[in-house]
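Undergrad: Using the numbering used here, the letters of the first sequence map in sequence onto residues 1 to 634. In this text, a Cβ means the ideal position worked out from N, Cα and C, and glycines have one as well. These numbers were taken from a predicted model, which means no experiment stands behind them.
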Amino acid sequence: MEIIYDGRKHEFPEKSTPIDIAKKLDIPLKDVVAAKIDVGPIDLKREIDHDTKIEFLTFKDKEGKQVFWHSSAHVLAAAIKRLYPEALMTLGPPIDGGFYYDFYNLNVGDNDFPDIEKEMKRIVEADEKFVRKEATREEALSIFGSNKFKVEILGAEAKPPITMYETGDFLDLCRGPHIPSTRYIKAVKLLKVAGAYWRGDNKREVLTRIYGITFPSKQDLDEYMAMETERNKHDHKRIGKELELFETSPLSPGSPFFLPKGAVVYNELLKLAREMDRKYGYDEIVTPIIAKSEVWKISGHYEKYRENMYRVSPFNAEEDEYALKPMNCPFSTVIFKSKTRSYRDLPLRLADYGMLHRYELEGTLDGLLRTRLFEQNDAHIYVTEDQVESEIMRIFDLMEEVYSLFKFTPIMTLATRPEQRIGTEDEWNRGEDILKNVLEKRKYKYTVKEGDGAFYGPKIDVYVLDFTGRPESAYAVFTVQIDFNLAVRFDVKYVGPDNKEHTPIVLHRAVMGSIGRFIGIILENTAGDLPAWLSPVQARILTITERSSSYAKEIFDELFSAGIRVELDDSNSTLDYKIRQSQLMKIPYTIVIGDKEAEKRTIAVRSRDGKTKYGIDPKEFAKEVKKTTETRSQ
RNA sequence: GCCUCUAUAGCUCAGCGGCAGAGCACCUCACUUGUAAUGAGGAAACGAGGGUUCAACUCCCUCUAGAGGCUCCA
Numbered sequence: 001m002e003i004i005y006d007g008r009k010h011e012f013p014e015k016s017t018p019i020d021i022a023k024k025l026d027i028p029l030k031d032v033v034a035a036k037i038d039v040g041p042i043d044l045k046r047e048i049d050h051d052t053k054i055e056f057l058t059f060k061d062k063e064g065k066q067v068f069w070h071s072s073a074h075v076l077a078a079a080i081k082r083l084y085p086e087a088l089m090t091l092g093p094p095i096d097g098g099f100y101y102d103f104y105n106l107n108v109g110d111n112d113f114p115d116i117e118k119e120m121k122r123i124v125e126a127d128e129k130f131v132r133k134e135a136t137r138e139e140a141l142s143i144f145g146s147n148k149f150k151v152e153i154l155g156a157e158a159k160p161p162i163t164m165y166e167t168g169d170f171l172d173l174c175r176g177p178h179i180p181s182t183r184y185i186k187a188v189k190l191l192k193v194a195g196a197y198w199r200g201d202n203k204r205e206v207l208t209r210i211y212g213i214t215f216p217s218k219q220d221l222d223e224y225m226a227m228e229t230e231r232n233k234h235d236h237k238r239i240g241k242e243l244e245l246f247e248t249s250p251l252s253p254g255s256p257f258f259l260p261k262g263a264v265v266y267n268e269l270l271k272l273a274r275e276m277d278r279k280y281g282y283d284e285i286v287t288p289i290i291a292k293s294e295v296w297k298i299s300g301h302y303e304k305y306r307e308n309m310y311r312v313s314p315f316n317a318e319e320d321e322y323a324l325k326p327m328n329c330p331f332s333t334v335i336f337k338s339k340t341r342s343y344r345d346l347p348l349r350l351a352d353y354g355m356l357h358r359y360e361l362e363g364t365l366d367g368l369l370r371t372r373l374f375e376q377n378d379a380h381i382y383v384t385e386d387q388v389e390s391e392i393m394r395i396f397d398l399m400e401e402v403y404s405l406f407k408f409t410p411i412m413t414l415a416t417r418p419e420q421r422i423g424t425e426d427e428w429n430r431g432e433d434i435l436k437n438v439l440e441k442r443k444y445k446y447t448v449k450e451g452d453g454a455f456y457g458p459k460i461d462v463y464v465l466d467f468t469g470r471p472e473s474a475y476a477v478f479t480v481q482i483d484f485n486l487a488v489r490f491d492v493k494y495v496g497p498d499n500k501e502h503t504p505i506v507l508h509r510a511v512m513g514s515i516g517r518f519i520g521i522i523l524e525n526t527a528g529d530l531p532a533w534l535s536p537v538q539a540r541i542l543t544i545t546e547r548s549s550s551y552a553k554e555i556f557d558e559l560f561s562a563g564i565r566v567e568l569d570d571s572n573s574t575l576d577y578k579i580r581q582s583q584l585m586k587i588p589y590t591i592v593i594g595d596k597e598a599e600k601r602t603i604a605v606r607s608r609d610g611k612t613k614y615g616i617d618p619k620e621f622a623k624e625v626k627k628t629t630e631t632r633s634q
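If you want it as structure tokens, here you go:
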């Protein structure tokens with residue numbers, strides 16, 4: 001078959017699939033589908049619209065979803081145009097979970113959704129065809145000239161011929177492709193309305209962004225809604241409240257208050273962090289939480305980061321300004337410089353778990369995941385140039401050991417040189433090469449974020465997905481950064497084998513992002529079913545009647561002195577009730593004590609999945625729990 | 001910081017321009033129970049400050065806090 005793409009003819013075997021074509025021409029699959037409209041049938045999961053004979057991908061394919069939702073965005077825009085003629089259309093792309101469309105000069109809230117949805121359904125039921133039209137730039141400008149956003153698009157990126165799609169009385173600039181007709185959209189749901197900046201630039205116009213999702217059947221929508229409900233169960237803020245782990249208070253917005261149970265989890269993770277750091281050759285240091293702002297002026301952060309710092313003046317205004325530290329970096333230099341260092345001292349690994357304060361903007365706070373106060377399991381490693389790679393490998397060894405304890409799906413990114421940066425091109429080249437090299441050697445899948453590095457060096461970040469696997473809700477948990485800046489700024493030197501002074505390179509790393517964030521991520525991933533070693537209460541003892549109270553107390557004492565985190569519930573409510581409470585608190589082991597147990601001096605152990613074992617020896621149980629706690633097995 | 005929304009009891013949620021409602025949790029009493037909610041009774045709330053009104057929890061404004069986005073970010 002013959003395919004015309006970009007003005008040139010390409011010859012393909014008759015049975016070529018769009019995937020083959022996309023690969024050969026090195027273009028996105030969806031463009032092939034668009035091109036294919038004029039080409040004729042190709043063997044792929046597909047549907048053909050019986051009226052238009054247009055072939056399109058089914059909703060089941062990822063590309064098909066994108067096409068479907070993109071078309072839905074057009075339907076939304078068409079509905080808005082009818083209901084709010086004064087609104088200006090801008091852009092409306094498909095996204096991972098649906099689509100959005102940005103409007104200028106539109107003021108709606110979610111209470112308007114029912115009306116908009118109704119209008120969309122009207123368009124859907126009208127069975128409007130998506131008709132592709134072509135125009136020259138001049139023709140397009142005459143059509144969209146009154147819309148400055150469309151004019152900007154036409155000026156900036158659209159290459160002639162300009163393509164437009166018409167749906168009924170609605171015409172929009174669009175590359176396509178689209179589904180043949182609106183009638184394939186069987187279920188419509190608008191999700192949320194949000195403000196967004198034109199071109200993502202917070203100095204440009206604020207647009208009204210409406211998010212929505214559509215499906216080819218009502219049933220798909222129902223499934224989606226069920227999934228959303230399930231997702232809600234994984235919300236760490238909810239879980240934190242229900243399991244009595246942490247609170248938030250207007251007394252200190254953005255700073256979590258860990259309750260006794262939450263503090264147990266917190267400290268268990270700190271313990272893990274310390275054990276790992278010890279194993280991998282780190283020394284822990286403890287440094288001030290507040291210091292003269294001078295420090296950040298030297299480091300360069302003051303210039304860039306001042307707005308996010310908690311700055312304080314002591315009693316006399318003339319005194320130097322102080323600031324709560326937003327990062328630990330500069331303090332490790334004081335430790336390094338406390339004596340003359342030799343190349344034999346390197347790598348020097350200094351771990352610092354200091355409390356950090358960053359005045360994050362109000363709208364960005366998010367439970368434990370984004371806070372104003374947090375504690376990183378942070379470290380700074382001073383290395384010579386030829387130690388950089390092996391040291392980063394070692395950091396990843398540590399990371400893998402920690403992450404193997406959790407069922408995480410990590411996403412890795414390599415962030416490269418930003419526009420505003422310090423250090424030589426040569427340093428950046430070498431730094432980025434080393435990071436790339438490490439990623440390749442470890443066979444990690446990663447994406448490159450061009451220009452996203454720190455001003456002082458490139459970095460690798462690791463994000464963890466929540467249980468729905470949606471990348472937009474991923475938070476960075478791990479980071480490793482190469483820093484060309486710190487040692488220079490603070491005049492840090494070591495003596496090399498040549499008996500001359502050299503400037504070390506500093507590596508920054510954080511394994512858990514912050515302890516609090518890590519807890520949040522774990523809660524989202526487990527829905528609160530923490531592994532026994534991390535559970536604030538590992539076992540709860542329930543009595544069936546008051547007759548068993550004294551034996552239950554004996555068991556409690558025994559487990560407690562064995563170091564197990566145990567609770568006793570000998571209240572006089574029913575067993576069913578107590579079981580339910582224990583289950584709701586997600587306690588790994590529920591121990592039931594009745595007459596039979598007291599008589600035989602055993603316990604009955606119910607695990608979280610509802611399975612119960614009777615006649616267990618309490619000593620054996622204690623031993624088992626202690627072992628799983630120490631080895632951190634599931 | 002920007003956009004939209006929200007704020008009623010410890011929690012989840014009703015409600016209305018004219019006396020504040022429920023379920024769970026809590027307290028008391030009864031019940032003494034074998035693997036996900038025993039029954040009865042009781043105590044407990046309209047985020048803060050202005051304004052409109054005879055009257056505001058309800059309408060308007062400001063503030064504070066929260067949710068979801070945007071911009072940021074461990």
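With a threshold of 8 angstroms (Cβ to nearest heavy atom), would Gln219 be considered close to the ligand PLP?
TA: As presented, the structure is devoid of all ligands, the ligand PLP included, so that no description of it is given.
Undergrad: State the start and end residues of the unbroken beta strand (DSSP E) segment that holds Leu91.
TA: As a working mapping, residue 91 is identified with position 91 in the first sequence. Per DSSP, Leu91 belongs to no beta strand (DSSP E) and is neither H nor E.
Undergrad: Between Tyr100 and Glu117, what straight-line distance do the alpha-carbon atoms span, to the nearest angstrom?
TA: Position 100 of the first sequence, counted from the first residue, corresponds to residue 100. Position 117 of the first sequence, counted from the first residue, corresponds to residue 117. Roughly 14 angstroms separates the two Cα atoms.
Undergrad: In the structure shown, what three-state DSSP assignment does Ala35 receive?
TA: Stepping through the first sequence from its first residue, residue 35 is reached at position 35. For Ala35, the pLDDT reaches just 45, beneath the cut-off of 50, and the residue's location in the model is therefore unreliable, although a value from the coordinates is still provided. Note: Ala35 maps to helix in three-state DSSP.
Undergrad: Any chance you could list the beta strand (DSSP E) runs of at least 3 consecutive residues sitting entirely within the stretch 408-472, in chain order?
TA: If we require 3 residues or more, the beta strand (DSSP E) runs fully inside the stretch 408-472 come out as 410-415, 446-449 and 459-464.
Undergrad: Shortest alpha-carbon distance to Leu559 belongs to which of Glu284, Ile591 and Thr631?
TA: Translated into the one-based positions of the first sequence, residue 559 becomes position 559. Minimum Cα distance to Leu559 is reached at Ile591.
Undergrad: Could you spell out where the beta strand (DSSP E) holding Phe490 opens and where it closes?
TA: Stepping through the first sequence from its first residue, residue 490 is reached at position 490. Here Phe490 belongs to no beta strand (DSSP E), and DSSP marks it neither H nor E.
Undergrad: Just to confirm the assignment, what range does the beta strand (DSSP E) spanning Arg344 have?
TA: Here residue 344 is taken as the residue at index 344 of the first sequence, counted from 1. Note, Arg344: premise wrong, no beta strand (DSSP E); not H, not E.
Undergrad: When DSSP labels each residue in this structure, what does Lys586 get in the three-state scheme?
TA: Position 586 of the first sequence, counted from the first residue, corresponds to residue 586. Coil, per DSSP.
Undergrad: Would you call the CB atoms of Asn105 and Ala273 closer than 9 angstroms?
TA: Within the first sequence, residue 105 is the residue found at index 105, counting from 1. Within the first sequence, residue 273 is the residue found at index 273, counting from 1. Not closer than 9 angstroms, so no.
Undergrad: Tell me the residue span of the beta strand (DSSP E) that contains Arg606.
TA: Here residue 606 refers to the residue found at position 606 of the first sequence. Residues Ile603 to Ser607.
Undergrad: For the alpha helix (DSSP H) that Lys237 lies in, which residues bound it at each end?
TA: Residue mapping note: residue 237 aligns to position 237 of the first sequence, counting from 1. That run of the alpha helix (DSSP H) goes His236 to Glu242.
Undergrad: In three-state terms, what does DSSP make of Leu44?
TA: Locating residue 44 in the first sequence gives position 44, counting from the first residue. Residue placement at Leu44 is poorly supported in this model, since its pLDDT is 34, which falls under 50; the coordinates are not used for a value here.
Undergrad: Identify, in the order they occur along the chain, each residue of the same chain with its Cβ nearer than 7 angstroms to the Cβ of Glu86, setting aside the five sequence neighbours on each side.
TA: Here residue 86 corresponds to residue number 86 of the first sequence, with the count starting at 1. Once the five neighbours on either side are set aside, the close Cβ partners of Glu86 are Asn105.
Undergrad: Would you call Phe621 buried or exposed, if buried means 16 or more other Cβ atoms sit within 10 Å of its Cβ?
TA: Indexing the first sequence from 1 puts residue 621 at position 621. With 16 or more other Cβ atoms within 10 Å, it is buried.
Undergrad: Looking only at its chain, what residues have a beta carbon closer than 6 angstroms to the beta carbon of Thr631, apart from the 5 residues adjacent to it on each side?
TA: Counting from 1 along the first sequence, the entry for residue 631 is found at position 631. Within the same chain, Thr631 has no close Cβ partners at all.
Undergrad: Return yes when the Cβ of Leu88 is within less than 9 angstroms of the Cβ of Phe170, no when it is not.
TA: Here residue 170 corresponds to residue number 170 of the first sequence, with the count starting at 1. Here residue 88 corresponds to residue number 88 of the first sequence, with the count starting at 1. No.
Undergrad: How many whole angstroms separate the CB atoms of Ile515 and Tyr266, which I take to be in contact at a CB cut-off of 8 angstroms?
TA: Here residue 515 corresponds to residue number 515 of the first sequence, with the count starting at 1. Here residue 266 corresponds to residue number 266 of the first sequence, with the count starting at 1. With a Cβ gap of about 6 angstroms, Ile515 and Tyr266 count as contacting.
Undergrad: What does the Cβ neighbour count give for Ser299, buried or exposed, with the cut at 16 atoms within 10 Å?
TA: In the first sequence, the residue the question calls residue 299 occupies position 299. When all chains shown are included, Ser299 counts as buried.
Undergrad: In three-state terms, what does DSSP make of Phe246?
TA: Taking the first sequence and counting its residues from 1, one reaches residue 246 at position 246. Here Phe246 sits in strand by DSSP.
Undergrad: If you compare alpha carbons, which of Leu398, Val286 and Gly240 is closest to Phe258?
TA: One-based indexing of the first sequence puts residue 258 at position 258. Among Leu398, Val286 and Gly240, the Cα nearest to that of Phe258 belongs to Gly240.
Undergrad: Measuring straight from C-alpha to C-alpha, what distance separates Leu350 and His380?
TA: Taking the first residue of the first sequence as 1, we reach residue 350 at position 350. Taking the first residue of the first sequence as 1, we reach residue 380 at position 380. Whole-angstrom Cα-Cα distance: 5 angstroms.
Undergrad: Decide if the stretch 326-341 is in contact with the stretch 363-370; the criterion is three or more beta carbon pairs, one per stretch, under 8 angstroms apart.
TA: Taking 8 angstroms as the limit for Cβ pairs, the verdict is that the stretch 363-370 does not touch the stretch 326-341.
Undergrad: What is the DSSP secondary structure of Met512, reduced to helix, strand or coil?
TA: Within the first sequence, the letter at position 512 stands for residue 512. Correct three-state label for Met512: coil.
Undergrad: Around the C-beta of Val295, are 16 or more other C-beta atoms found within 10 angstroms, so that it is buried, or is it exposed?
TA: Locating residue 295 in the first sequence gives position 295, counting from the first residue. It is buried - the Cβ of Val295 has at least 16 other Cβ atoms within 10 Å.
Undergrad: Rounded C-beta distance between Ala539 and Ile587? I'm assuming under 8 angstroms.
TA: Translated into the one-based positions of the first sequence, residue 539 becomes position 539. Translated into the one-based positions of the first sequence, residue 587 becomes position 587. Right, their Cβ atoms sit about 7 angstroms apart.
Undergrad: Could you check the C-alpha separation between Met225 and Thr58 for me, to the nearest Å?
TA: Position 225 of the first sequence, counting from 1, holds the residue named residue 225. Position 58 of the first sequence, counting from 1, holds the residue named residue 58. If you take the alpha carbons of Met225 and Thr58, they lie about 21 angstroms apart.
Undergrad: Helix, strand or coil for Met164 per DSSP?
TA: Within the first sequence, numbered from 1, the residue matching residue 164 stands at position 164. Reduced to three states, the DSSP call for Met164 is strand.
Undergrad: Taking the beta carbon of Lys129 as the centre, do at least 16 other beta carbons fall within 10 Å, making it buried, or is it exposed?
TA: For the purposes of this step, residue 129 is identified with residue 129 of the first sequence, where counting begins at 1. Burial call: buried.
Undergrad: Identify the residues that DSSP records as bridge partners of Asp181: which are they?
TA: Against the first sequence, residue 181 aligns to sequence position 181. Checking the sequence shown, residue 181 turns out to be Ser, not Asp. According to DSSP, Ser181 bridges with Lys129.
Undergrad: With burial defined as no fewer than 16 other Cβ atoms inside 10 Å of the residue's Cβ, what is the status of Thr208: buried or exposed?
TA: In the first sequence, residue 208 corresponds to position 208, counting from 1. So Thr208 ends up on the buried side.
Undergrad: Exposed or buried, what is Asp483 when buried is set at 16 or more other beta-carbons lying within 10 Å of its beta-carbon?
TA: Translated into the one-based positions of the first sequence, residue 483 becomes position 483. By the neighbour-count rule (16 or more Cβ atoms within 10 Å), Asp483 is buried.
Undergrad: Should Thr413 go down as buried or exposed, given a rule of 16 or more other Cβ atoms within 10 Å for buried?
TA: Numbered from 1 along the first sequence, position 413 holds the residue referred to as residue 413. When all chains shown are included, Thr413 counts as buried.
Undergrad: State the Cα-Cα distance for the pair Gly513 and Thr479, rounded to the nearest angstrom.
TA: Residue 513 sits at position 513 when you count from the first residue of the first sequence. Residue 479 sits at position 479 when you count from the first residue of the first sequence. Cα-Cα distance, rounded: 7 angstroms.
Undergrad: With the cut-off set at 9 angstroms, would you say Ala532 and Val625 are in Cβ contact?
TA: Here residue 532 refers to the residue found at position 532 of the first sequence. Here residue 625 refers to the residue found at position 625 of the first sequence. Yes; because the gap between Cβ atoms is below 9 angstroms, this pair is in contact.
Undergrad: Helix, strand or coil for Gly496, going by three-state DSSP, please let me know.
TA: Within the first sequence, residue 496 is the residue found at index 496, counting from 1. DSSP places Gly496 in coil when its eight states are reduced to three.
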